[in-house]
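Chemist:
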Amino acid sequence: MALILSMVTTSTTELITRHSLGTFQLSPNQDIECTKEGLFLNAPLSSAYEICVRTHCLKENTPPIRKIFKVPPKELLFEFEATCKLRYKENYVTVLKTCPAQPFCTTIDCTICSANILNPECWPVAAILGSGIVLYLLIAMCYTICYVPVTVGKPFRLLLQGIYDLVQLLLRAIIICACGFTNALRKRRRQQNILEALAILGLSLQGVFSCQMMNVLSHHIKSCTTGERKSCNIGLASVIKLNSFKRDSCLRLQHNGTTIMEVQIEWNRLNLLCQRSSVTHTRDAKLVVIDSKRCAHMGSCKGNKCADINSSSLLWYTWVSCLAGHMLERWCSSPGYTYL
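Numbered according to the working numbering, the sequence shown spans residues 9 to 348.
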């Protein structure tokens with residue numbers, strides 16, 4: 009008894025129009041259909057299109073005229089939704105097409121592939137042919153590797169020898185060109201080397217016998233006295249900063265852009281002046297030790313005042329005794345804190 013199952017599949021299409029100006033009418037020639045391989049698209053009036061099925065997309069700037077969009081086989085096994093975007097001048101039309109799942113055998117479109125060889129019930133002839141081709145190639149490869157005597161060392165040796173000779177020839181040509189270019193430069197630069205050496209020597213001597221650069225720091229001092237009449241004295245002091253490692257310096261005096269005098273100065277000695285500054289402040293101190301004793305049997309103890317005193321009990325400060333007129337009043341004039 010055979011059981012025959014029939015499955016009716018339907019597809020739905022949803023149109024979403026987007027336009028920038030005025031109204032837009034869909035073209036009656038537009039056609040999008042589901043096929044066994046994927047989608048069939050025919051929109052000759054559109055200028056560009058873009059179609060996507062999940063992550064698999066196709067975009068072209070030409071009108072889709074009877075275009076077949078192949079969907080990967082793994083997407084055809086289940087119901088999928090395709091998004092098609094058509095462009096008509098400055099208007100866009102988005103078409104959502106839902107296609108039903110296709111049988112597994114119809115999605116196989118290859119001969120030498122694992123899907124065809126491992127599923128011979130779909131296409132027996134193609135599966136047998138693909139299996140035979142793969143098996144023949146495996147046996148031929150194993151026989152070639154294991155039994156055919158092929159000398160591999162000599163071809164590789166000849167190839168390496170040719171590469172070595174070519175590299176050696178190139179190096180010799182480069183060396184010959186470099187030597188010829190160097191000899192030509194040597195002949196031209198002999199006189200230039202002499203002139204450059206003389207120029208370097210002259211610059212060195214000029215640096216030895218020339219004066220050092222100085223920094224002149226000017227300072228204006230204005231002193232005024234106010235009395236019956238106000239008198240002011242203006243003094244101009246200039247400090248010249250010299251380099252301690254070079255004793256000679258030059259000074260040029262100018263007035264209204266005209267050089268009046270050029271003076272060469274040579275300093276004889278260097279005096280270091282130290283400015284005193286107070287770091288800490290101290291005063292004279294005198295250490296005085298005052299001892300006071302009190303007999304245990306003298307005085308009066310009320311309650312447990314004397315019995316509760318132990319080694320960890322705290323004593324009062326001396327200033328309490330000073331306020332009370334204690335006998336140790338000499339401590340009150342001492343700086344800091346003094347404890348009993």
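Glycine residues also receive a C-beta, built at the ideal position from the N, C-alpha and C atoms.
Take every Cβ of the stretch 92-107, pair it with every Cβ of the stretch 53-61, and state whether three or more of those distances are shorter than 8 Å.
Modeler: Result yes; three or more Cβ-Cβ pairs closer than 8 Å.
Chemist: By alpha-carbon positions, which one of Tyr57, Phe112, Ser239 and Ala123 ends up nearest to Tyr100?
Modeler: As a first step, residue 100 is located in the sequence shown; it is residue number 92 there, counting from the start. The candidate whose alpha carbon is nearest that of Tyr100 is Tyr57.
Chemist: Kindly give me the distance between the Cβ atoms of Asp256 and Glu270, rounded to whole angstroms, as I take these residues to be in contact under 8 Å.
Modeler: For this step, residue 256 is matched to residue 248 along the sequence shown. For this step, residue 270 is matched to residue 262 along the sequence shown. At roughly 13 Å, the Cβ-Cβ gap does not stay under 8 Å, so Asp256 and Glu270 are not in contact.
Chemist: Pick from Leu278, Gln262 and Cys240: whose alpha carbon is nearest that of Lys254?
Modeler: As a first step, residue 254 is located in the sequence shown; it is residue number 246 there, counting from the start. Lys254 has its Cα closest to that of Leu278, out of Leu278, Gln262 and Cys240.
Chemist: Classify Cys107: buried if its beta carbon has 16 or more other beta carbons within 10 angstroms, exposed otherwise.
Modeler: Taking the sequence shown and counting its residues from 1, one reaches residue 107 at position 99. Burial call: buried.
Chemist: Would you identify the three-state DSSP class for Ile73, choosing helix, strand or coil?
Modeler: On the sequence shown, position 65 is the one that residue 73 refers to. The answer is coil: DSSP assigns Ile73 none of H, G, I, E or B.
Chemist: Can you list the beta strand (DSSP E) stretches of 3 or more residues lying completely in the stretch 98-165, in chain order?
Modeler: Counting only runs of 3 or more, we get 99-107.
Chemist: Which value, in whole angstroms, describes the spacing of the CA atoms of Arg284 and Thr290?
Modeler: By 1-based counting over the sequence shown, the position of residue 284 is 276. By 1-based counting over the sequence shown, the position of residue 290 is 282. Answer to the nearest angstrom: the Cα atoms are 16 Å apart.
Chemist: Since I believe Ile116 is in contact with Ser139 (beta carbons under 8 Å), could you give me their beta-carbon distance rounded to a whole number of angstroms?
Modeler: In the sequence shown, the residue the question calls residue 139 occupies position 131. In the sequence shown, the residue the question calls residue 116 occupies position 108. About 14 Å; that fails the 8 Å criterion.
Chemist: With a threshold of 16 other CB atoms inside 10 Å of the CB of Ala207, please say whether the residue is buried or exposed.
Modeler: For the purposes of this step, residue 207 is identified with residue 199 of the sequence shown, where counting begins at 1. Flag for Ala207 reads exposed.
Chemist: Below 6 Å CB to CB, which residues in the same chain sit around Glu41 once its five sequence neighbours on both sides are set aside?
Modeler: Taking the sequence shown and counting its residues from 1, one reaches residue 41 at position 33. Around Glu41: Phe48.
Chemist: Work out the CA separation of Cys258 and Ala293 for me, nearest whole Å.
Modeler: Here residue 293 is taken as the residue at index 285 of the sequence shown, counted from 1. Here residue 258 is taken as the residue at index 250 of the sequence shown, counted from 1. C-alpha separation (whole angstroms): 58 Å.
Chemist: Going by CA-CA distance only, name the one from Ser246, Thr63, Thr266 and Leu280 that's closest to His227.
Modeler: Translated into positions along the sequence shown, residue 227 becomes position 219. His227 has its Cα closest to that of Ser246, out of Ser246, Thr63, Thr266 and Leu280.
Chemist: Cβ of His64 within 8 Å of Cβ of Pro81?
Modeler: Looking up residue 64 in the sequence shown gives position 56. Looking up residue 81 in the sequence shown gives position 73. No, they are not a contact pair.
Chemist: With DSSP collapsed to three states, give me the class of Arg194.
Modeler: What you label residue 194 is simply residue 186 of the sequence shown in a count that begins at 1. Helix at Arg194.
Chemist: What residues in its chain sit with their C-beta under 6 Å from that of Gln38, if we drop five residues either side in the sequence?
Modeler: On the sequence shown, residue 38 is found 30 positions in, with the first residue counted as 1. Closer than 6 Å at Cβ, skipping near neighbours: Ala51.
Chemist: Can you grab the Cα-Cα spacing for the pair Cys60 / Ala123, in whole Å?
Modeler: Taking the first residue of the sequence shown as 1, we reach residue 60 at position 52. Taking the first residue of the sequence shown as 1, we reach residue 123 at position 115. Going by the C-alpha atoms only, they are around 25 Å apart.
Chemist: Locate the alpha helix (DSSP H) running through Leu350, then write down its first and last residues.
Modeler: Residue 350 is absent from the structure shown; the chain starts at 9 and stops at 348.
Chemist: So does Leu244 have its beta carbon nearer than 7 Å to some heavy atom of the ligand MG?
Modeler: Of ligands this structure carries none, so the ligand MG is not represented either.
Chemist: Give the DSSP-derived three-state secondary structure of Gln38 in the structure shown.
Modeler: Within the sequence shown, numbered from 1, the residue matching residue 38 stands at position 30. Coil, per DSSP.
Chemist: Helix, strand or coil: which one does DSSP assign to Glu87?
Modeler: Counting from one through the sequence shown, the residue named residue 87 turns up at place 79. Glu87 falls in the coil class under three-state DSSP.
Chemist: Does DSSP put Cys60 in a helix, a strand or coil?
Modeler: Residue mapping note: residue 60 aligns to position 52 of the sequence shown, counting from 1. Here Cys60 sits in strand by DSSP.
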